[in-house]
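From first to last, the protein sequence lines are chains A, B and C.
According to the working numbering, the stretch in the first sequence is residues 1 to 132, in order.
According to the working numbering, the stretch in the second sequence is residues 1 to 132, in order.
According to the working numbering, the stretch in the third sequence is residues 1 to 132, in order.
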Amino acid sequence: MFEVIEIKSKEKSEMIDIMDSIRKIVDKSGIHHGIIVIYVPHSTAAVTVNKNYDPVVQQDIINRMNELVPKDGHYQHIEGNSAAHIKSSIFGSSVTLILSNGHIELGMFQSVFFCEFDGPRKRKYFVKIIEG
Amino acid sequence: MFEVIEIKSKEKSEMIDIMDSIRKIVDKSGIHHGIIVIYVPHSTAAVTVNKNYDPVVQQDIINRMNELVPKDGHYQHIEGNSAAHIKSSIFGSSVTLILSNGHIELGMFQSVFFCEFDGPRKRKYFVKIIEG
Amino acid sequence: MFEVIEIKSKEKSEMIDIMDSIRKIVDKSGIHHGIIVIYVPHSTAAVTVNKNYDPVVQQDIINRMNELVPKDGHYQHIEGNSAAHIKSSIFGSSVTLILSNGHIELGMFQSVFFCEFDGPRKRKYFVKIIEG
Numbered sequence: 001m002f003e004v005i006e007i008k009s010k011e012k013s014e015m016i017d018i019m020d021s022i023r024k025i026v027d028k029s030g031i032h033h034g035i036i037v038i039y040v041p042h043s044t045a046a047v048t049v050n051k052n053y054d055p056v057v058q059q060d061i062i063n064r065m066n067e068l069v070p071k072d073g074h075y076q077h078i079e080g081n082s083a084a085h086i087k088s089s090i091f092g093s094s095v096t097l098i099l100s101n102g103h104i105e106l107g108m109f110q111s112v113f114f115c116e117f118d119g120p121r122k123r124k125y126f127v128k129i130i131e132g
Numbered sequence: 001m002f003e004v005i006e007i008k009s010k011e012k013s014e015m016i017d018i019m020d021s022i023r024k025i026v027d028k029s030g031i032h033h034g035i036i037v038i039y040v041p042h043s044t045a046a047v048t049v050n051k052n053y054d055p056v057v058q059q060d061i062i063n064r065m066n067e068l069v070p071k072d073g074h075y076q077h078i079e080g081n082s083a084a085h086i087k088s089s090i091f092g093s094s095v096t097l098i099l100s101n102g103h104i105e106l107g108m109f110q111s112v113f114f115c116e117f118d119g120p121r122k123r124k125y126f127v128k129i130i131e132g
Numbered sequence: 001m002f003e004v005i006e007i008k009s010k011e012k013s014e015m016i017d018i019m020d021s022i023r024k025i026v027d028k029s030g031i032h033h034g035i036i037v038i039y040v041p042h043s044t045a046a047v048t049v050n051k052n053y054d055p056v057v058q059q060d061i062i063n064r065m066n067e068l069v070p071k072d073g074h075y076q077h078i079e080g081n082s083a084a085h086i087k088s089s090i091f092g093s094s095v096t097l098i099l100s101n102g103h104i105e106l107g108m109f110q111s112v113f114f115c116e117f118d119g120p121r122k123r124k125y126f127v128k129i130i131e132g
């Protein structure tokens with residue numbers, strides 16, 4: 001089970017909750033036990049798990065990451081998006097979730113977020129389920 | 001093979017070596033080849049691999065992360081634990097280990113650590129083994 | 001399918017593109033669908049996915065990480081490499097890639113990089129393929 005999902009970011013930096021689309025893919029797969037890998041094929045974006053309940057948390061995360069890795073640092077890369085590349089490696093290109101009895105084993109308020117660091121852009125993410 | 005383990009943190013910020021419990025679950029499973037996913041269902045905690053030999057390394061990691069993401073930053077989230085949410089995404093919600101010939105393939109002094117960033121609290125982590 | 005690859009870093013801090021060796025292992029395996037886990041058994045190194053096209057991006061990443069986690073901080077660990085341990089947990093000890101139809105599903109300019117934070121040294125990384 002491998003799916004490619006298209007997504008459109010609207011901001012320069014943004015965390016987009018993609019949990020609904022992951023749940024649909026898992027339901028469609030009919031797989032009840034295994035792991036789910038979400039992978040982002042962009043090196044100025046990332047994927048992470050965090051709290052979905054209060055959007056202010058996502059804004060606090062984005063703001064602090066912008067302070068730690070400012071857009072206009074002492075970078076040499078002429079495209080001007082080195083900060084986004086750095087944040088991509090700090091957060092990471094994939095997350096792995098556990099699937100048990102047809103249920104994705106998350107914490108109560110956890111969601112998976114696509115992390116845009118150099119938007120707005122058309123983007124993609126991949127979902128792969130391994131049964132076992 | 002899916003197990004839920006309960007754990008109790010004692011400090012505000014703390015790295016707890018959970019390698020013994022992971023090894024027991026692997027032994028009990030009887031699985032000799034595959035991967036092991038350790039997942040933390042809390043968005044103010046994380047899981048990481050680092051050095052187990054000298055506890056001072058863990059303290060250096062915690063201290064520097066507290067400097068990079070101070071508890072009292074310019075955060076909006078009213079629960080006052082935004083720093084813990086940010087550190088959670090920086091370290092990540094899961095680690096994946098390789099199992100070969102019944103042996104977990106780690107470096108000589110590596111362990112998996114549950115990372116508490118907003119304790120002390122009762123916490124959980126999940127262990128899932130995929131054979132292959 | 002489990003392989004141990006030896007590598008030699010040449011710099012104190014360095015990102016080494018290991019995509020060719022991963023592709024060879026995947027080809028040799030004959031596996032067409034699944035996931036690929038790359039694991040680094042060193043807690044002063046890491047592994048990450050980022051842009052391979054412009055080496056300046058890798059230098060920008062290394063430089064900013066050295067600013068965020070300076071070699072000579074207020075660390076207690078007597079070996080003097082606490083900064084490398086901290087960067088190891090920030091970037092992480094493994095990456096997971098998706099394999100579909102015999103093709104590793106990466107972005108156009110993405111590669112996997114072995115991240116040396118305390119070189120130069122002889123190092124290793126592990127590659128494990130799970131079919132599914």
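Yeah, the Cβ is synthetic: ideal placement off N, Cα and C, and Gly gets one too.
Given the structure is predicted, the values throughout are model-derived calculations rather than measurements.
- In the structure shown, A:Arg-64 falls within a helical segment according to DSSP collapsed to helix, strand and coil.
- The contact set of A:Val-37 on chain C, defined by CB atoms closer than 9 Å, consists of Ile-35, Thr-96, Leu-97, Ile-98 in chain order.
- Any Cβ of chain B closer than 8 Å to the Cβ of A:Ile-61 would place that residue at the interface, and such an atom is present.
- The criterion of a C-beta distance shorter than 8 Å is satisfied by B:Ile-38 and B:Val-127.
- Annotation for C:Val-26: the continuous alpha helix (DSSP H) segment containing it runs 19–29.
- With respect to A:Val-56, B:Gln-76 sits close: the two C-beta atoms are nearer than 8 Å.
- B:Asn-81 and B:Asn-63 have their alpha carbons spaced roughly 17 Å apart.
- Taking each of B:Glu-116, B:Gly-34, B:Phe-2, B:Met-19 in turn and checking the Cα distance to B:Ala-84, the smallest one comes out for B:Glu-116.
- Interface annotation for the region 45–77 of chain C against chain B: Leu-68, Val-69, Gly-73, His-74, Tyr-75, Gln-76, His-77, criterion Cβ-Cβ distance under 8 Å.
- The continuous beta strand (DSSP E) containing B:Lys-51 extends over residues 45–51.
- In terms of CA proximity to C:Gly-30, C:Asn-101 leads the group C:Arg-121, C:Asn-101, C:Pro-120.
- The C-alpha of B:Leu-97 lies about 20 Å from the C-alpha of A:Ile-104.
- Annotation for C:Ser-9: Ile-16, Glu-116, Gly-119, Pro-120, Arg-121, Arg-123 place their beta carbon closer than 7 Å to its own, counting only its chain and skipping 5 residues before and after.
- Between C:Ile-78 and the set B:Val-47, B:Asp-20, B:Val-4, B:Asp-54, the nearest pair of CA atoms involves B:Asp-54.
- Cα atoms of C:Met-1 and B:Ile-130: separation of roughly 14 Å, rounded to the nearest angstrom.
- Looking at the DSSP output, B:Arg-123 sits in a beta bridge with B:Ile-7.
- Relative to B:Thr-48, the option among C:Tyr-125, C:Met-108, C:Ser-93, C:Glu-14 whose CA is nearest is C:Ser-93.
- Pairing A:Ile-86 with A:Asp-72, the inter-Cα distance amounts to about 12 Å.
- The C-alpha of B:Arg-23 is placed about 33 Å away from the C-alpha of C:Leu-106.
- In terms of Cβ geometry, B:Ser-43 and A:Lys-51 form a close pair [threshold 8 Å].
- From the beta-carbon of C:Ile-129, no residue of chain A is found nearer than 9 Å; the closest lies around 11 Å away.
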